[in-house]
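>
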Amino acid sequence: MMQPVIRVAGLGKSYETAAGLFPALKGVDLDVRPGEFIAIMGPSGSGKSTFMNLLGCLDTPTVGDYFLAGENVAHMDKDALALLRNRTLGFVFQGFNLLPRMSLQDNVALPLVYAGVDRETRQAKARELLAKVGLGNYAESLPNRISGGQQQRVAIARALVNEPRLILADEPTGNLDSHTSEEIMRLFEELNGEGITIVLVTHEPDIAAHCKRQVRFLDGQIVSDQLTGDSA
Amino acid sequence: MIHPMLGEAWLAMGANRLRTALTMLGMVIGVGAVVIMMAIGQGAQYAVQQTISTMGSNLFIVLSGSFTTAGVRSGSAGAPTLNVADAQTIAELDGVVNVAPTHQGTRQLVYGSQNWSSQVIGTTPEYLDARAWSIVNGAGFGDSDVRSATRVAIIGKTVAENLFGDDDPVGKTMRIQQNPFIVIGVLGSKGQNLDGRDQDDTVIIPLTTAQRKVFGTPFLGSVRMIMVQAESAETMPRTMESVTSLLRQRHRLREGVPDDFFMRNLSAAAESEAETTRTMSILLGAIASISLLVGGIGIMNIMLVSVTERTREIGIRMAIGARQRDILSQFLLEAVMISFAGCLLGLLLGLAIALAINAFTGMVIVISGSAALIAFVVAAGVGIFFGWYPAQKAARLDPIEALRYQ
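Right, dumping it as structure tokens:
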């Protein structure tokens, strides 16, 4: 059996609030193996966003362990986490989050800048990935010249540019109409078909249906974990 | 790493051109003011130093004393208390480079149909050495001319122009007090002295000739004034003291009897003027650098606004792997670039205005590489100093909060 990309054990996160310590996540266990395509679901306040921030190495847990590609990252310092975000993870956001002043090519190449890759390689890699998501002709355009769906494709190209072990997508279709959402989900399915592991947060069952596995959060805990197609 | 960041900083500066330009304006004015003030200040110092150097360096004069007749005091150089022998013994003292006894006054000069009133100085050949005065045409006179009181004259440029016009004065004969003098040399130009007197309006003749034919003298060999050149500014006070004690000894003055001569330090006056201009330019520079400070605060202000505006961008960059130091250097670089660009423009503006001042007012200005260098170092310093806090603020943002920022 292959080593899991993600292994989470007893992961908990509490926040200081005026009313006292608030536990947003209460001891979560989860394994994600290479090549999986998982939907994280749950209502607002269920802890799924907190969980995604922890998976994305944007935050550190209060208790528990998080092994990313075999490495315990729960207590790493900020620079080490930045390195993981750069090399091991790829992010896709609801709001696309492209930098408005940069060409699409430069947007896609940006993670490579922080990885210290030379200019030639950066540009070649960025063009290759733009072509892969079907936007090869828009390399020099600015983000505001293309549609939302196209922007999300660019964001996916950016997430892929450093050949990450894992793509984390936070409601990637939240700002898109249903037709475009379908297109984006097909792109994810395609990428997953190539062996890329994807963890996707959504509250839409239609979207979750594209994933192979669905994990449901409620009140800071996982309440169900089933393969798509199983009876609910 | 720095290379792509330069491009990004340039993009960021271009994103809000008006704001960047206004922010830079603070630096432009600050650096421009510093450059102008330094150019003018150094120009004033240079002008004073030029004047001092034309006067001759490390000079002091000994004047013969005053006398009192029926309650009327004569003023300095009234009494014939100094003589040529005094000058000769002063020349033998340690630390004395040149000694020139002089006798001077204003006389009418006549050449052909032209006449001109000028300062006539009777002295020895050492006078020209002491004042570092060169002869551009013809030659000077020697000790033999002084011994035999020949009627030769060296004339300044102003005299040459007024008396001889376009003619070559060398070899011509002019008259001073009805006595014919052969012009043997023309002096190089020295311009005005600190009092604004034209130093080129001068005729120099042998001391003995001056005393016998031009001014007359109560006792043969007495002189009114001895010019002394000391080795250096440092040894000057000591040299002045030894001249004093030598003269007191030679004049047989007992303790308690006042000196029968006066001494004046010519360099001291000039140096105090130089000191004044130096203080002035430091003061002006200080005022100008306050505007640099204000410019720096402008940069800090705009960078703080920029960090707030670009919070989301910072969050995105952090999410895709920017470390804190990447964000820090990005914003710092932007601040330094604004500062540098402002500095460069300020430098050009300052130079242009300084040159314009020179062209329209004729004021001496000195543009030195060190002034430009200082301005640049200060600009970089201002950029880093005032850019640090906003950049630090950006680098310390929490990526989750920053991503959520609308």
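Line order of the protein sequences matches chains Z and E.
Numbers 1 to 232, taken from this note's numbering, label the letters of the first sequence in order.
Numbers 1001 to 1406, taken from this note's numbering, label the letters of the second sequence in order.
Positions of the beta carbon are idealized from the N, C-alpha and C atoms, including for glycine.
Keep in mind that this is a model prediction, so the values were computed, not measured.
(1) Taking buried to mean at least 16 other C-beta atoms within 10 Å of its own C-beta, is threonine 1020 of chain E buried or exposed?
(2) Quick check: what's the CA-CA separation for alanine 232 of chain Z versus threonine 180 of chain Z?
(3) Residues bridged to aspartate 1201 of chain E by DSSP?
(4) Exposed or buried, which one is aspartate 106 of chain Z when buried takes at least 16 other CB atoms within 10 Å?
(5) I want to verify the contact list: residues of chain Z whose CB lies under 9 Å from the CB of isoleucine 1316 of chain E, in sequence order.
(6) Mind checking alanine 39 of chain Z: buried by the 16 CB within 10 Å criterion, or exposed?
(7) Residues of the segment 1381–1397 of chain E with a CB closer than 8 Å to any CB of chain Z: list them in chain order, please.
(8) Using 8 Å as the Cβ pair cut-off and three pairs as the minimum, do the segment 85–98 of chain Z and the segment 158–166 of chain Z touch?
(9) What span of residues does the alpha helix (DSSP H) with methionine 41 of chain Z cover, start to end?
(10) For the 8 Å Cβ check, are there 3 or more pairs between the segment 56–67 of chain Z and the segment 134–153 of chain Z?
(11) Against glutamine 1324 of chain E, what residues of chain Z qualify as contacts under a CB-to-CB distance less than 9 Å, listed in chain order?
(12) Entirely within the segment 65–152 of chain Z and at least 3 residues each: give me those beta strand (DSSP E) ranges in chain order.
(13) Contact check, alanine 1044 of chain E vs serine 1281 of chain E under 8 Å by CB: the rounded distance?
(14) May I have the straight-line CA-CA distance separating isoleucine 1316 of chain E from tryptophan 1388 of chain E, to the nearest angstrom?
(15) The alpha helix (DSSP H) spanning tryptophan 1388 of chain E covers which residue range?
(16) Just tell me which of Z:Ala131, Z:Ala159, Z:Glu128 and Z:Leu104 has its CA closest to the CA of proline 111 of chain Z.
(17) State the start and end residues of the unbroken beta strand (DSSP E) segment that holds valine 161 of chain Z.
(18) Are the beta-carbon atoms belonging to phenylalanine 1360 of chain E and glycine 1296 of chain E less than 9 Å from one another?
(19) Determine the burial state of valine 8 of chain Z: buried for a count of at least 16 other Cβ atoms within 10 Å of its Cβ, exposed for fewer.
(20) Report buried or exposed for aspartate 225 of chain Z, applying the criterion of at least 16 other Cβ atoms within 10 angstroms of its Cβ.
(21) 9 Å is my cut-off, CB to CB: does glutamate 1313 of chain E come that close to chain Z?
(22) Using 8 Å for Cβ pairs, my map puts proline 172 of chain Z next to valine 108 of chain Z. What's the rounded Cβ distance?
(23) Any beta carbon from chain Z within less than 9 Å of glutamate 1309 of chain E's own beta carbon?
(24) Give every residue of the same chain whose Cβ lies closer than 8 Å to the Cβ of glutamate 1241 of chain E, excluding the five residues on either side of it in the sequence, and list them in chain order.
(25) On the premise that alanine 1230 of chain E lies in contact with threonine 1239 of chain E, defined as a C-beta separation below 8 Å, what is that separation, rounded to the nearest angstrom?
(26) Below 8 Å on the Cβ atoms is my guess for isoleucine 1052 of chain E versus alanine 1274 of chain E; work out the distance and round it to an integer in Å.
(27) Are the beta-carbon atoms belonging to valine 1152 of chain E and proline 1206 of chain E less than 9 Å from one another?
(28) Given this structure, state the Cα-to-Cα distance separating leucine 1247 of chain E from proline 1169 of chain E, to the nearest angstrom.
(29) Please look up how many angstroms separate the CB atoms of alanine 1375 of chain E and leucine 1347 of chain E, rounded, as I've assumed it's under 8 Å.
(30) Looking only at DSSP bridge pairs, what is serine 1117 of chain E linked to?
(31) Have a look at leucine 1187 of chain E and alanine 1288 of chain E and give me their C-alpha separation to the nearest angstrom.
(32) Hey, out of E:Val1336, E:Leu1349 and E:Ile1367, whose CA is closest to valine 1378 of chain E's CA?
(33) For the beta strand (DSSP E) holding arginine 33 of chain Z, just list the boundary residues, first then last.
(34) Closer than 9 Å, Cβ to Cβ, to anything on chain E: give me those residues from the segment 107–136 of chain Z, in chain order.
(35) Identify whether alanine 232 of chain Z lies in helix, strand or coil by the three-state DSSP scheme.
(36) Let's see if you can read the secondary structure: which residues bound the alpha helix (DSSP H) around leucine 1347 of chain E?
According to the data block:
(1) Counted from its first residue, the second sequence places residue 1020 of chain E at position 20. Label assigned to threonine 1020 of chain E: buried.
(2) For the purposes of this step, residue 232 of chain Z is taken as the residue at position 232 of the first sequence. For the purposes of this step, residue 180 of chain Z is taken as the residue at position 180 of the first sequence. Caution is warranted here: a pLDDT of 45 is assigned to alanine 232 of chain Z, below 50, making its placement in the model unreliable, and no coordinate value can be reported.
(3) Taking the first residue of the second sequence as position 1, residue 1201 of chain E is located at position 201. Answer is none; aspartate 1201 of chain E lacks a bridge partner.
(4) Locating residue 106 of chain Z in the first sequence gives position 106, counting from the first residue. That one is buried.
(5) For the purposes of this step, residue 1316 of chain E is taken as residue 316 along the second sequence, with counting starting at 1. The contacting residues are Phe91, Phe93, Asn97, Leu98, Leu99 and Leu110.
(6) Indexing the first sequence from 1 puts residue 39 of chain Z at position 39. Per the 10 Å Cβ criterion, buried.
(7) Under the 8 Å Cβ criterion, the segment 1381–1397 of chain E contributes no residue.
(8) The count of Cβ pairs closer than 8 Å, one atom from the segment 85–98 of chain Z and one from the segment 158–166 of chain Z, reaches three, so the stretches are in contact.
(9) Within the first sequence, residue 41 of chain Z is the residue found at index 41, counting from 1. Boundaries for methionine 41 of chain Z: no alpha helix (DSSP H) harbours it, while the beta strand (DSSP E) harbouring it runs 37–41, taken from the DSSP string.
(10) The segment 56–67 of chain Z vs the segment 134–153 of chain Z: no contact.
(11) Position 324 of the second sequence, counted from the start, is the residue given in the question as residue 1324 of chain E. Within chain Z, Lys78, Asp79 and Ala82 have C-beta atoms less than 9 Å from the C-beta of glutamine 1324 of chain E, given in sequence order.
(12) Restricted to the segment 65–152 of chain Z, the beta strand (DSSP E) segments that are unbroken, complete and at least 3 residues in length are 89–92, listed in chain order.
(13) Your numbering for residue 1044 of chain E matches position 44 in the second sequence. Your numbering for residue 1281 of chain E matches position 281 in the second sequence. So it is a contact: roughly 7 Å between Cβ atoms.
(14) Numbered from its first residue, the second sequence carries residue 1316 of chain E at position 316. Numbered from its first residue, the second sequence carries residue 1388 of chain E at position 388. So the alpha carbons of these two residues sit roughly 21 Å apart.
(15) Along the second sequence, read from residue 1 onward, the residue named residue 1388 of chain E stands at position 388. From DSSP, the alpha helix (DSSP H) with tryptophan 1388 of chain E extends over 1369–1395.
(16) The count along the first sequence starts at 1 and reaches residue 111 of chain Z at position 111. For the residues Z:Ala131, Z:Ala159, Z:Glu128 and Z:Leu104, the minimum Cα distance to proline 111 of chain Z belongs to Z:Ala159.
(17) Taking the first sequence and counting its residues from 1, the one referred to as residue 161 of chain Z is at position 161. Element bounds for valine 161 of chain Z: n/a, residue is neither H nor E.
(18) Taking the first residue of the second sequence as 1, we reach residue 1360 of chain E at position 360. Taking the first residue of the second sequence as 1, we reach residue 1296 of chain E at position 296. In this structure, the beta-carbon distance from phenylalanine 1360 of chain E to glycine 1296 of chain E does not fall below 9 Å.
(19) Looking up residue 8 of chain Z in the first sequence gives position 8. Taking every protein chain shown into account, the CB of valine 8 of chain Z has 16 or more other CB atoms within 10 angstroms, so this residue is buried.
(20) For the purposes of this step, residue 225 of chain Z is identified with residue 225 of the first sequence, where counting begins at 1. Answer is exposed; the Cβ neighbour count stays below 16.
(21) Position 313 of the second sequence, counted from the first residue, corresponds to residue 1313 of chain E. True, the Cβ-Cβ gap to chain Z drops below 9 Å.
(22) As a working note, residue 172 of chain Z is residue 172 in the first sequence. As a working note, residue 108 of chain Z is residue 108 in the first sequence. At roughly 16 Å, the Cβ-Cβ gap does not stay under 8 Å, so proline 172 of chain Z and valine 108 of chain Z are not in contact.
(23) Taking the first residue of the second sequence as position 1, residue 1309 of chain E is located at position 309. Interface with chain Z (9 Å Cβ-Cβ cutoff): glutamate 1309 of chain E is excluded.
(24) Taking the first residue of the second sequence as 1, we reach residue 1241 of chain E at position 241. Here the set comprises nothing.
(25) As a working mapping, residue 1239 of chain E is identified with position 239 in the second sequence. As a working mapping, residue 1230 of chain E is identified with position 230 in the second sequence. Contact between threonine 1239 of chain E and alanine 1230 of chain E holds, since their C-beta atoms are separated by about 4 Å, short of 8 Å.
(26) Translated into the one-based positions of the second sequence, residue 1052 of chain E becomes position 52. Translated into the one-based positions of the second sequence, residue 1274 of chain E becomes position 274. Contact flag correct, Cβ pair sits at about 7 Å.
(27) Start at 1 with the first residue of the second sequence, and residue 1152 of chain E comes out as number 152. Start at 1 with the first residue of the second sequence, and residue 1206 of chain E comes out as number 206. At the C-beta level, valine 1152 of chain E and proline 1206 of chain E come within 9 Å of one another.
(28) Taking the first residue of the second sequence as 1, we reach residue 1247 of chain E at position 247. Taking the first residue of the second sequence as 1, we reach residue 1169 of chain E at position 169. So the two alpha carbons sit approximately 40 Å from each other.
(29) As a working mapping, residue 1375 of chain E is identified with position 375 in the second sequence. As a working mapping, residue 1347 of chain E is identified with position 347 in the second sequence. That belief holds up - the Cβ atoms of alanine 1375 of chain E and leucine 1347 of chain E are roughly 6 Å apart, short of 8 Å.
(30) Start at 1 with the first residue of the second sequence, and residue 1117 of chain E comes out as number 117. DSSP lists E:Gln1108 as partners of serine 1117 of chain E.
(31) Taking the first residue of the second sequence as position 1, residue 1187 of chain E is located at position 187. Taking the first residue of the second sequence as position 1, residue 1288 of chain E is located at position 288. So the two alpha carbons sit approximately 43 Å from each other.
(32) In the second sequence, residue 1378 of chain E corresponds to position 378, counting from 1. Valine 1378 of chain E has its Cα closest to that of E:Val1336, out of E:Val1336, E:Leu1349 and E:Ile1367.
(33) The residue labelled residue 33 of chain Z in the question sits at position 33 within the first sequence. Where arginine 33 of chain Z is concerned, there is no enclosing beta strand (DSSP E), given that its DSSP letter is neither H nor E.
(34) Cβ contacts with chain E come from Ala109, Leu110, Pro111, Val113, Tyr114, Ala115, Gly116, Arg119 and Arg122.
(35) Your numbering for residue 232 of chain Z matches position 232 in the first sequence. Legend: pLDDT at alanine 232 of chain Z = 45, less than 50; position of this residue unreliable, no value from coordinates given.
(36) To locate residue 1347 of chain E, count along the second sequence from 1; it is residue 347. Run containing leucine 1347 of chain E: 1324–1361, per the alpha helix (DSSP H) assignment.
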